[in-house]
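Numbering (the numbering used here), first residue to last: 56 to 257. No residue lacks a Cβ here, since even glycine has one placed at the ideal position from N, Cα and C.
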Amino acid sequence: MHNEARDEIIEDPRPHLRWDSALAADALQYAQKLAQSNRMAHSSPKERIRNGQICGENIAWNAWGRFTLVDATRLWIQEKSKYRGQKIGSGGDSTWGHYTEIICPNVTRVGLGLTRTRSGETYVVARYNACQTHGSTPYDSRKGNIFKNRRWQPITGGRGHRSGSGAGRERRDLPQGGHQFEIMGLDDFFRDLKAFKDQLRR
């Protein structure tokens with residue numbers, strides 16, 4: 056599904072992603088950590104350095120019932136309908152940032168991990184060999200409508216709408232009923248990334 060989403064960018068093609076077992080192992084390890092802590096939060100930048108580069112990350116959670124890697128990926132890709140060309144980190148990333156990580160042109164490899172708790176909760180983590188760059192867009196804006204969507208129009212100025220990510224909330228505090236989904240945004244991550252880079256410069 057990742058590559059299908061990337062194939063939809065017709066005017067600015069990007070390579071298909073390849074499965075990376077090391078990234079998958081990292082993703083599984085972090086999914087298990089989330090399940091053990093009963094919290095939903097992105098890993099810190101320093102927790103996802105591989106080969107000297109900060110890796111990208113998407114995470115998702117489901118309260119109960121069958122929830123697979125495909126289901127999580129489908130949720131992330133559905134954010135395409137909310138993305139209108141905003142710059143990464145401009146605000147509102149929690150509503151479309153998972154999708155833009157999937158189509159990020161610098162990403163070439165991906166690994167996913169899934170773990171389930173005894174209470175039926177599912178945690179899914181995807182790790183990518185490259186991270187989105189703050190202030191960038193996942194396409195060449197000079198090429199206009201790059202998606203297979205005639206209604207797509209890039210935003211020219213202004214900021215995206217910011218929405219809460221729910222970071223750090225314990226799962227037991229969330230309502231239980233039907234399928235309860237939560238996917239984490241990038242706003243908190245970029246704040247952590249800036250602090251991490253500032254620390255490296257000292």
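The alpha helix (DSSP H) spanning residue 89 covers which residue range?
Counted from its first residue, the sequence shown places residue 89 at position 34. From DSSP, the alpha helix (DSSP H) with residue 89 extends over 76-92.
Close beta carbons around residue 61, own chain, < 6 Å, minus the five adjacent residues each side
Within the sequence shown, residue 61 is the residue found at index 6, counting from 1. Residues 69 and 158 of the same chain have their beta carbon placed closer than 6 Å to that of residue 61, with the five preceding and five following residues left out of the count.
Which partner residues of residue 171 appear in the DSSP bridge assignment?
Within the sequence shown, the letter at position 116 stands for residue 171. DSSP lists 177 as the beta-bridge partner residues of residue 171.
Where residue 189 and residue 138 are concerned, what is the direct C-alpha to C-alpha distance, given to the nearest angstrom?
Within the sequence shown, residue 189 is the residue found at index 134, counting from 1. Within the sequence shown, residue 138 is the residue found at index 83, counting from 1. A direct Cα-to-Cα measurement between residue 189 and residue 138 gives close to 16 Å.
Could you tell me if residue 134 is buried or exposed, where buried requires 16 or more neighbouring beta carbons within 10 angstroms of its beta carbon?
Walking along the sequence shown from the start, residue 134 turns up at place 79. Buried, by the Cβ-count rule.
My assumption, with CB atoms under 8 Å, is that residue 127 sits in contact with residue 179. Please give the rounded CB distance.
What you label residue 127 is simply residue 72 of the sequence shown in a count that begins at 1. What you label residue 179 is simply residue 124 of the sequence shown in a count that begins at 1. Going by Cβ atoms, the distance from residue 127 to residue 179 rounds to 4 Å, so yes, they are a contact pair.
Over the uninterrupted alpha helix (DSSP H) stretch that includes residue 151, give me the two end residues.
Along the sequence shown, one-based indexing puts residue 151 at 96. Going by DSSP, residue 151 is part of the alpha helix (DSSP H) stretching over 148-157.
Taking its Cβ as the centre, do 16 or more other Cβ atoms sit within 10 Å of residue 174, making it buried, or is it exposed?
Counting from one through the sequence shown, the residue named residue 174 turns up at place 119. Here residue 174 is exposed: its Cβ has fewer than 16 other Cβ atoms, across all protein chains shown, within 10 Å.
For the region 104-150, list the beta strand (DSSP E) runs that are entirely contained and at least 3 residues long, ordered along the chain.
The region 104-150 contains these whole beta strand (DSSP E) runs: 111-117.
In whole angstroms, give me the CA-to-CA distance for residue 208 and residue 140.
In the sequence shown, the residue the question calls residue 208 occupies position 153. In the sequence shown, the residue the question calls residue 140 occupies position 85. Unreliable placement is indicated for residue 208, whose pLDDT of 46 sits below 50; the coordinate value is still reported in the next sentence. Roughly 7 Å between the two C-alpha positions.
At the level of alpha carbons, what is the spacing between residue 56 and residue 131?
Against the sequence shown, residue 56 aligns to sequence position 1. Against the sequence shown, residue 131 aligns to sequence position 76. Rounded to the nearest angstrom, the two C-alpha atoms are 10 Å apart.
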